[in-house]
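What follows is a short report on a single structure.
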Amino acid sequence: MKRLERVLGITVAAAALMLAGPAAHAKKDKKAGPKVGQTERVIIDDSQCWPEVGALFDQESNTVSVESAKDLSNVVLLFADGTTQRYEGLHGHDAVFAGSGENTGKALTGVWIKSGCNHSGDGPGYGQFVENATNITELPVISIGDVPGIIEPRLSEIVEVLFEVSLSEMVPLGGEPVTVSYVSRDGTATAGMDYIPVEGVLVFEPGQITATISVIVFDDYRIEAFEELFYIDLSSPQNALLANPTGTGTILDDDRDDF
């Protein structure tokens, strides 16, 4: 009788282990917890082809470090202004992503990670969605526009160029002002020869939704065979997020007409 009880005990224990199966094992997370600024890891049963994924957002550089237990396939970035950008044909288990082209420098509010054979039950269906909780706010979004086609002034003349900086919504009346730092940067144009460099802090008062940055452009007495570019970079926003942080000024040469 005692022997039978021992056999039954072993059988019951084995049955319980079989019922738990890989799902019980999948619940064990070897990591102590997410790093500072990192979204909590998502642990999903491997039997459903859902690998463990993680995302670490960097607020300063507007980048996200993505990792997965399986090879990455597609990654889609979600920006603060609601636009998305997709990266396809990926390889490896980890990579760093940021907006490129017209999305360069935009603030990130989330990322879809497609790896293994996972798929999303909502959203655009690009995989497992990881939210950047620190950027999910009611703050307005700052953008700066380009100034194309600036005709280079003749001789000793000067031209004032205005870069428009806008908010996605008006600063609430009675609310805190929105501020953002700005500085000019050379491209093919040279500060002191083609334009006067600028630097400062732009302030949006309550009730305001646009502001301008003034740059003086003047004649450099040279004949150029190409357009000259300079940039205005925005940084360090207060009470707002940055969507498009760089404006481009394009100076068109007119010196050929003087000869």
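Position 10, counted from 1, in the sequence shown is what my numbering calls 375; the numbers after and before it change by one each time, with no gaps.
Glycine included, each C-beta is placed from N, C-alpha and C at the ideal position.
This structure is a prediction, so every number in the text was calculated from the model and none was measured.
Spatially closest choice to L607 from I507, G466, P518, by CA coordinates: Within the sequence shown, the letter at position 242 stands for residue 607. For the residues I507, G466, P518, the minimum Cα distance to L607 belongs to I507.
CB-CB length for G612 against V524, believed under 8 angstroms: The residue labelled residue 612 in the question sits at position 247 within the sequence shown. The residue labelled residue 524 in the question sits at position 159 within the sequence shown. Not quite, the Cβ-Cβ distance comes to about 16 angstroms (not below 8 angstroms), so this is no contact.
Range of the contiguous beta strand (DSSP E) that encloses R625: Since the first residue of the chain shown is 366 and the last is 624, residue 625 is not available in this structure.
Three-state secondary structure assigned by DSSP to E417: Within the sequence shown, the letter at position 52 stands for residue 417. In the structure shown, E417 sits in coil (DSSP, three-state: anything other than H, G, I, E or B).
Inter-residue spacing [alpha-carbon to alpha-carbon] between P310 and E529: Lying before the first or after the last residue shown, residue 310 is absent from the chain, which here runs from 366 to 624.
Burial state of E467 (16 or more Cβ within 10 Å): Residue 467 sits at position 102 when you count from the first residue of the sequence shown. The residue is exposed, with fewer than 16 neighbouring Cβ atoms inside 10 Å.
Extent of the continuous beta strand (DSSP E) to which D551 belongs: As a first step, residue 551 must be located in the sequence shown, where it is residue number 186. Its beta strand (DSSP E) spans residues 543 to 551.
DSSP state of N468 mapped onto helix, strand, coil: For this step, residue 468 is matched to residue 103 along the sequence shown. Correct three-state label for N468: helix.
Chain C within 8 angstroms of G464, Cβ atoms only: Absent from the structure: chain C. Only one protein chain is present.
Spatially closest choice to V429 from G572, Y560, D446, K471, by CA coordinates: The count along the sequence shown starts at 1 and reaches residue 429 at position 64. Checking every option, the nearest Cα to that of V429 belongs to K471.
Proximity to P602 [Cα-Cα], best of P518, P505, A554, G514: Sequence index remark: in the sequence shown, residue 602 carries index 237 (1-based). Closest option to P602, Cα to Cα, is P505.
Residues sharing a beta bridge with E425, DSSP: Within the sequence shown, numbered from 1, the residue matching residue 425 stands at position 60. BP columns for E425 are empty, so no partner.
G572 versus G510 - alpha carbon distance: As a position in the sequence shown, residue 572 is number 207, starting the count at 1. As a position in the sequence shown, residue 510 is number 145, starting the count at 1. Spanning the two alpha carbons is a distance of roughly 20 angstroms.
Given P518 as reference, the closest of S433, D559, N604 once Cα atoms are compared: Within the sequence shown, residue 518 is the residue found at index 153, counting from 1. When S433, D559, N604 are compared, the shortest CA-CA separation from P518 is found for D559.
Proximity of A576 and F583 at Cβ, strictly below 8 angstroms: As a first step, residue 576 is located in the sequence shown; it is residue number 211 there, counting from the start. As a first step, residue 583 is located in the sequence shown; it is residue number 218 there, counting from the start. In this structure, F583 does not lie closer than 8 angstroms to A576 by Cβ.
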